[in-house]
Amino acid sequence: MTLVHQNEIDTSSLLLWQQSSFAEVRSRLSDGTEFPCLFAQNAFRREIVKISFVETLDDVGLEKARSDLLEYVKRCEHWDGKVNSAEPLLMIFNPENVSSDSVEDYHKLGWQVLQYFHDNDDMPWPEGTAQAPNSPYWSMAFHGLQLFVNMSSPAHQVRKSRNLGAALTLVINPRERFDIVAGETEEGRRTRAKIRRRVEVYDGYSHCPQLGSYAAGEIEWWQYGIIEENRDRTDRCPLHQRADAKDEQEPHLAEEELA
Numbered sequence: 362m363t364l365v366h367q368n369e370i371d372t373s374s375l376l377l378w379q380q381s382s383f384a385e386v387r388s389r390l391s392d393g394t395e396f397p398c399l400f401a402q403n404a405f406r407r408e409i410v411k412i413s414f415v416e417t418l419d420d421v422g423l424e425k426a427r428s429d430l431l432e433y434v435k436r437c438e439h440w441d442g443k444v445n446s447a448e449p450l451l452m453i454f455n456p457e458n459v460s461s462d463s464v465e466d467y468h469k470l471g472w473q474v475l476q477y478f479h480d481n482d483d484m485p486w487p488e489g490t491a492q493a494p495n496s497p498y499w500s501m502a503f504h505g506l507q508l509f510v511n512m513s514s515p516a517h518q519v520r521k522s523r524n525l526g527a528a529l530t531l532v533i534n535p536r537e538r539f540d541i542v543a544g545e546t547e548e549g550r551r552t553r554a555k556i557r558r559r560v561e562v563y564d565g566y567s568h569c570p571q572l573g574s575y576a577a578g579e580i581e582w583w584q585y586g587i588i589e590e591n592r593d594r595t596d597r598c599p600l601h602q603r604a605d606a607k608d609e610q611e612p613h614l615a616e617e618e619l620a
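All you need for the numbering used here is the position in the sequence shown, starting with 1, plus 361.
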């Protein structure tokens, strides 16, 4: 199965785990649920969400995920710049095969997926994008496009806005879209503040202090996999940058446990 278009979904043709996962996403993103991300709700209401169902994290599963991401990125190259046509990608992993017991371990699985994408990207690193993940203005990129990745998992019991059901789900968008709808402008700052207030109401907990703005030079990768408690972070990104996409001044990043 290739990339699935929300407006073409025939649930009867889906496997049971896919039906269940899609139903859980629908129960959270449908109108009236108070889900804090207005843009996700808008896309779901317009039935323009793209979905990738991934069975496993072996080479077959990861290559299928990479192929779906490539298809998605190529679609994004033709985006008209309007919020109402912005299509997010939900990459949903079979919870029978991809599961863990903690937020941190789900993040490790998410970074395993992103590492595969990076290692198997046939395009050079985007010009103007920092090459050191722990530096300002770094972003995940694939096929020349900067991406923002939200790692949602069932282990999130405090950050309920990062829990879309029983499956590990990567919510992927071109990063530039956030500059348009929530960038460093007066309107963008108001939008971010509104969403964060909604997050606090939905979660019943103050928003994560690492949530920031790319344009302000705040660290991106911490925002991909946020932690349950509000505390400072000093951990380093687990992504190993390819030699041909690596800042020569960036020291080798030892593999550390992702907090």
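Backbone N, C-alpha and C fix where the C-beta goes; we use that ideal spot for every residue, glycine too. These numbers were taken from a predicted model, which means no experiment stands behind them.
Annotation for Gln-380: Thr-372 place their beta carbon closer than 8 Å to its own, counting only its chain and skipping 5 residues before and after. The criterion of a C-beta distance shorter than 7 Å is not satisfied by Pro-535 and Cys-398. Counting only runs of 3 or more residues that sit fully inside the segment 523 to 563, the beta strand (DSSP E) segments are 530 to 535, in chain order. Under DSSP, no beta-bridge partner is assigned to Val-519. For Pro-599, the number of other beta carbons within 10 angstroms of its own is at least 16, and it is reported as buried. Segment contact: the segment 555 to 566 against the segment 481 to 492, fewer than three CB-CB distances shorter than 8 Å; contact not assigned. A check of alpha carbon separations from Ser-461 across Ala-554, Thr-363, Ala-527, Phe-383 identifies Ala-527 as the nearest. Contact between His-479 and Gly-586 does not hold, since the beta-carbon distance rounds to 16 Å and is not under 8 Å. Rounded to whole angstroms, the separation of the alpha carbons of Glu-537 and Leu-508 is 8 Å.
Shortest Cα-Cα distance from Glu-465 to any of Ala-604, Ala-516, Asp-420, Val-459 involves Ala-516.
Within the same chain, and ignoring the five residues on either side of Pro-497 in sequence, the residues whose Cβ sits closer than 8 Å to its Cβ are Ala-491, Gly-578, Glu-579, Ile-580. Under the criterion of beta carbons closer than 8 Å, Ser-413 and Ile-370 do not qualify as touching, at roughly 13 Å. Collapsing the DSSP output to three states places Gln-584 in a helix. Counting along the chain, the unbroken beta strand (DSSP E) around Val-415 starts and ends at 411 to 415. Assigned with DSSP and collapsed to three states, His-468 falls in helix. With respect to the 7 Å criterion, Leu-451 and Val-532 are classified as neighbours on the basis of their beta carbons.
Using a Cβ distance threshold of 7 Å, Arg-389 and Leu-529 do not count as a contacting pair. Going by DSSP, Phe-400 is part of the alpha helix (DSSP H) stretching over 399 to 406.
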